[in-house]
Amino acid sequence: MYEFYLTCPRGLENILHDEIKLLINQKINVDKGGIYFNGNLEDMYRINYHTRIGMNLHYKLFEGYVSNYNDVYKSIYNLKWNNILTYNDTFAIRTKLNSTIIQNQNFCTMRIKDAIVDKIRKNTNKRPSIDKRNPNFYIFIYIKNKKIKVFLNSSGWPLFMRGYRSKIHKAALNESLAAGILDLTNWNKNLSLYDPMCGSGTFLIEAAMKAFNIPPRILRDFYAFKKWKNFDTKLWDKIVTEGKNKIKYSEINIYGSDLIQQNINLSEDSIRKLSLDKYINLSVNNFNKIKPNENKGIVIINPPYGYRIGDIDKLKILYKNIGDHFKTRFNGFDAYIFTGNLELIKHIGLRTKKRIILKNGTIDCRLVYYPLISGKY
Ligand SMILES: C[S@@+](CC[C@H](N)C(=O)[O-])C[C@H]1O[C@@H](n2cnc3c(N)ncnc32)[C@H](O)[C@@H]1O
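For the sequence shown, position 4 matches number 17 in our numbering, and the numbering has no gaps at all.
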């Protein structure tokens with residue numbers, strides 16, 4: 014059994030718990046910024062392939078206490094590194110410090126590196142080297158007060174990297190966050206979905222992939238655990254094949270639009286890579302021209318919010334116009350706005366039913382829910 018920690022965007026911990034509960038048969042504990050649980054190799058592969066919301070799956074090597082940098086060196090040195098890596102391997106170290114005694118991140122990282130190198134060199138007279146960009150091992154160390162936890166990151170690259178994007182829209186949502194937000198709206202494939210400011214199409218693509226059971230990283234080959242000594246190709250192939258066999262296409266109503274043609278091109282590009290062209294309807298349009306074909310469903314908008322693109326006074330009017338358009342055209346729908354500007358949200362002018370606190374990286378965000386029921390705005 015391994016001890017795992019799966020990270021996620023802040024605010025999505027509970028729905029991550031629910032998602033993983035469906036994938037593995039283990040008791041799962043909810044923490045701030047992730048979940049932790051025990052599991053086996055199969056669980057590790059399954060989660061890396063299937064989680065839509067999880068971001069990095071770490072496996073714990075050690076947990077203990079440290080009072081100074083020397084203790085950090087010793088506790089890292091004492092680990093059985095020879096069972097994990099050889100002098101031919103490369104590694105990268107990421108440290109997260111939240112401690113009044115161990116505060117110097119560069120020095121701490123250097124001591125950790127020395128400890129690993131010294132340990133391997135002691136037995137072999139040769140040393141592994143650091144590769145920050147494409148290492149064989151991603152080592153993650155978390156120190157909180159006096160507690161130290163040492164992990165190997167089994168994912169390597171964050172799991173929001175699905176492999177369907179070629180170019181990045183400058184305000185594109187993190188895919189794991191978008192998938193989690195969709196779950197929070199309770200959208201399912203029997204409901205129509207509209208995103209009238211779709212940008213690079215993250216909500217649309219994540220929704221279609223979930224609806225058809227398409228594994229979120231069907232286009233991605235890279236995972237750190239594939240470079241580990243215990244990599245079990247047969248088991249991994251089994252999980253991938255099982256995942257692909259569960260894909261099932263059906264009729265679906267997903268509509269995305271954006272004011273800017275280049276953004277629609279980005280959406281199209283990703284949608285084509287996943288062969289979802291005939292399931293997602295795209296158009297170049299001002300949001301205020303969009304009228305739904307159905308009389309109920311979900312409309313979700315992630316409008317510009319000023320920190321990255323746009324301008325505040327114009328945005329206040331834009332947010333007011335979004336509220337007005339929802340009222341006049343999307344009657345019967347459940348509307349959601351996801352934004353990182355808490356001030357602008359007040360300009361929507363609709364009655365709020367629910368406000369969910371989320372983080373987009375370091376930005377404090379809200380997902381706000383407005384049920385659009387005639388006469389009750
Ligand atoms: C924050 S970005 C959305 C990013 C998107 N969620 C993604 O993951 O790529 C906001 C988008 O709103 C679009 N937009 C701004 N004003 C608009 C308008 N009046 N009508 C339609 N789209 C608009 C922008 O072009 C931009 O792509």
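Where is the CB? At the ideal position from N, CA and C, for every residue including glycine.
Quantities reported herein were computed from a predicted structural model and do not represent experimental measurements.
Along the chain, where does the beta strand (DSSP E) containing Lys-157 start, and where does it finish?
150-157
If we ignore side chains and look at the alpha-carbon of each, how far apart do Ser-387 and Pro-148 end up?
57 Å
Using CA atoms only, rank isn't needed, just tell me which of Leu-363, Ala-105 and Gly-269 is closest to Val-312.
Checked all of Leu-363, Ala-105 and Gly-269; the closest Cα to Val-312 is Gly-269.
Hey, how far is the Cα of Asn-308 from the Cα of Ser-205?
9 Å
Between Phe-120 and the rest of its own chain, which residues show a CB-CB distance below 8 Å, the 5 nearest in sequence each way excluded?
Counting only Cβ-Cβ distances below 8 Å, and skipping sequence neighbours, we find Tyr-82.
Starting from the C-beta of Leu-172, find all residues in its chain whose C-beta is less than 8 Å away, skip the five residues before and the five after it, and write them out in chain order.
Beyond the five residues adjoining it in sequence on each side, Leu-172 comes within less than 8 Å, by CB distance, of Asn-61, Thr-64, Gly-67, Met-68, Asn-69, Leu-70, Ser-189, Pro-229 and Arg-230 in the same chain, given in chain order.
Could you check whether Tyr-332 and Leu-357 sit closer than 7 Å to each other, using their CB atoms as the reference points?
yes
My output table needs one value for Asp-44: the three-state DSSP class, helix, strand or coil.
Under the three-state reduction of DSSP output, Asp-44 falls in the strand class.
Thinking C-beta only, is Phe-351 closer than 7 Å to Leu-385?
no
Quick check on the burial criterion: 16 or more other C-beta atoms within 10 angstroms. Buried or exposed for Phe-238?
buried
Tell me, which residues are paired with Glu-76 by DSSP?
Lys-162, per the DSSP bridge assignment.
Should the region 257-273 be regarded as contacting the region 290-301, the criterion being three or more beta carbon pairs within less than 8 Å?
yes
Skipping 5 residues on each side, what residues in its chain have a beta carbon closer than 8 Å to that of Asn-373?
Correct list, in chain order: Pro-22, Leu-186, Asn-187, Leu-190 and Gly-353.
Have a look at Tyr-49 and Glu-55 and give me their C-alpha separation to the nearest angstrom.
16 Å
Exposed or buried, what is Ile-161 when buried is set at 16 or more other beta-carbons lying within 10 Å of its beta-carbon?
buried
Can you tell me whether Lys-359 is buried or exposed, with buried defined as 16 or more other CB within 10 angstroms of its CB?
exposed
Less than 6 Å separating the Cβ of Phe-300 from some heavy atom of ligand 1?
In this structure, the C-beta of Phe-300 approaches ligand 1 to less than 6 Å from one of its heavy atoms.
Let's test the definition: count the other Cβ atoms within 10 Å of the Cβ of Tyr-78 and tell me whether it reaches 16, buried, or not, exposed.
exposed
Let me check you understand the geometry: is the CB of Thr-215 closer than 6 Å to at least one non-hydrogen atom of ligand 1?
yes
Taking just the CA atoms, how far does Ile-194 sit from Thr-215?
11 Å
Looking at Asn-226 and Ile-265, is the spacing between their C-beta atoms short of 7 Å?
no
Could you spell out the range, first to last residue, of the alpha helix (DSSP H) harbouring Asn-136?
118-137
Give me whichever residues DSSP pairs with Tyr-207 in a beta bridge.
Tyr-268 and Val-312
Which residue comes first and which comes last in the beta strand (DSSP E) that contains Tyr-236?
Premise fails: Tyr-236 is in no beta strand (DSSP E) and is neither H nor E.
Short check: CB of Tyr-177 to CB of Lys-132, under 7 Å?
no
Taking the beta strand (DSSP E) that Arg-107 falls in, what are its first and last residues?
Element bounds for Arg-107: 103-111.
Measuring CA to CA, which of Leu-25, Val-43, Asp-31 and Lys-157 is closest to Ser-80?
Lys-157
Return the chain-ordered list of same chain residues with a C-beta closer than 7 Å to the C-beta of Phe-343, the five sequence neighbours on each side being excluded.
Pro-305, Val-312 and Leu-385
Under 7 Å, do Lys-73 and Glu-32 count as touching if we go by C-beta distance?
no
By a C-beta neighbour count over all protein chains shown, 10 Å radius and 16 as the cutoff for buried, is Leu-35 buried or exposed?
exposed
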